[in-house]
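In the numbering used here, the protein residues as written are 80 to 464. Even glycine gets a Cβ: it sits at the ideal position worked out from N, Cα and C.
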């Protein structure tokens, strides 16, 4: 609701702000006629800047910015409309202002060519037809308002991105620093505990701290993904080595679980090792959490294809059929009542897609299966050695 209200407020602000039009003609009667034609009830919030010479027009352009359209008379003494347009195009401040030339001369191809070469978007011929003039001006006024609204929204987006960076800094430092102290203290208490109850309590603190650390990491990744700040450090790595490291950490965290890792084929490819380790950690951790107790979780790496790497994480159990379409949605998961944020699979998909790959989750006869396919990219022979 806040977003919609903000959007409506931005649109109202952009519509209410006056739109500036520059009209240049050396004949006072023509300027008065142009004012009478343009100051219509159907075109409110229109601010006319009138000049009787090219020099005066340049002075107005120095005083006023954000001009939506310039209507320039072609035949003026000292500095004609073409010369004025060329000067406007030569300045970064005014080069993007649309120009319509107003002329009393019949359609001369040479004159038309010079006008368009000077930056004109259109020509109007005197005597002016009011509905034609108003129609053309109305189009440029509306385009200008849309550009202004887009600029306002971009500025708001930049403000939100800066706020997001501040929040990321708070998460990465102000939360992780005391959390590290808690985990270290729990480790010490577990070693010094004089009873099983105390050791179990210290272990619960450690487990809770690890889950909290994982949640913080997921929130940081979610923030980076949504703000477009996710960056990949692509280098040539061995996918098996990365998988073995992630599986070893999970074995240590869940000593009672059975984890089987197998691999075949060439495992080298260009990818971000840290991001891909997190993909393994999230998928295997998810399988350990939701798979059937006492049943193994199996990870198989397949490097038999010269163009892609493929790996599958399998566990016993079954996904709810109605949950399959939203497996990778943020803050949602296949099962309700989990102790996480529901971001793990969302982050997996974003990391895989950022590598140009794909990930799928499905039910099979043997249980639940998540498959990831990554492009290998072209590797020199020296990279594989």
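Among the options, the one whose alpha carbon lies nearest that of residue i
i: residue 354; options: 390, 309, 395 and 221; result: 309
i: residue 330; options: 366, 387, 201 and 155; result: 366
i: residue 256; options: 292, 229 and 233; result: 292
i: residue 174; options: 144, 129 and 153; result: 144
i: residue 146; options: 270, 219 and 208; result: 219
i: residue 351; options: 317, 268, 361 and 345; result: 317
i: residue 452; options: 368, 445 and 358; result: 358
i: residue 216; options: 276, 229 and 181; result: 181
i: residue 313; options: 349, 334, 335 and 299; result: 349
i: residue 391; options: 125, 437, 368 and 238; result: 437
i: residue 326; options: 276, 172, 273 and 380; result: 380
i: residue 249; options: 299, 230 and 226; result: 299
i: residue 285; options: 275, 409 and 262; result: 262
i: residue 347; options: 315, 368 and 371; result: 315
i: residue 183; options: 168, 385, 205 and 454; result: 205
i: residue 212; options: 402, 235, 179 and 227; result: 179
One or two residues paired with residue i in a DSSP bridge
i: residue 290; result: The partner list for residue 290 (beta bridge, DSSP) is empty, contrary to what the question assumes.
i: residue 99; result: 126 and 146
i: residue 201; result: 179
i: residue 210; result: Paired residue(s): none; residue 210 is not in a bridge.
i: residue 449; result: 392 and 440
i: residue 314; result: 350
i: residue 454; result: 387
Exposed unless 16 or more other CB atoms sit within 10 angstroms - verdict on residue i
i: residue 164; result: buried
i: residue 434; result: buried
i: residue 233; result: exposed
i: residue 406; result: buried
i: residue 118; result: exposed
i: residue 422; result: buried
i: residue 307; result: exposed
i: residue 320; result: exposed
i: residue 223; result: buried
i: residue 429; result: buried
i: residue 161; result: buried
i: residue 288; result: buried
i: residue 265; result: buried
i: residue 455; result: buried
i: residue 360; result: buried
Cβ contact (3+ pairs, closer than 8 Å) linking the region 329–339 and the region 374–385: yes
Within the region 318–365, ranges of the alpha helix (DSSP H) (whole runs, at least 4 residues): 318–332
Complete runs of the alpha helix (DSSP H) confined to the region 376–434 [at least 4 residues]: 423–433
Sufficient close CB pairs (3 or more, under 8 Å) joining the region 146–156 to the region 96–104: yes
Residue ranges of each alpha helix (DSSP H) within the region 224–282, 4 or longer: 255–271
Runs of beta strand (DSSP E) wholly within the region 131–182 (minimum 3 residues, chain order): 146–152 and 178–182
Any 3 or more C-beta pairs closer than 8 Å across the region 382–399 and the region 441–451: yes
Stretch-stretch touch, CB-based, cutoff 8 Å, three pairs: the region 263–277 with the region 234–242: no
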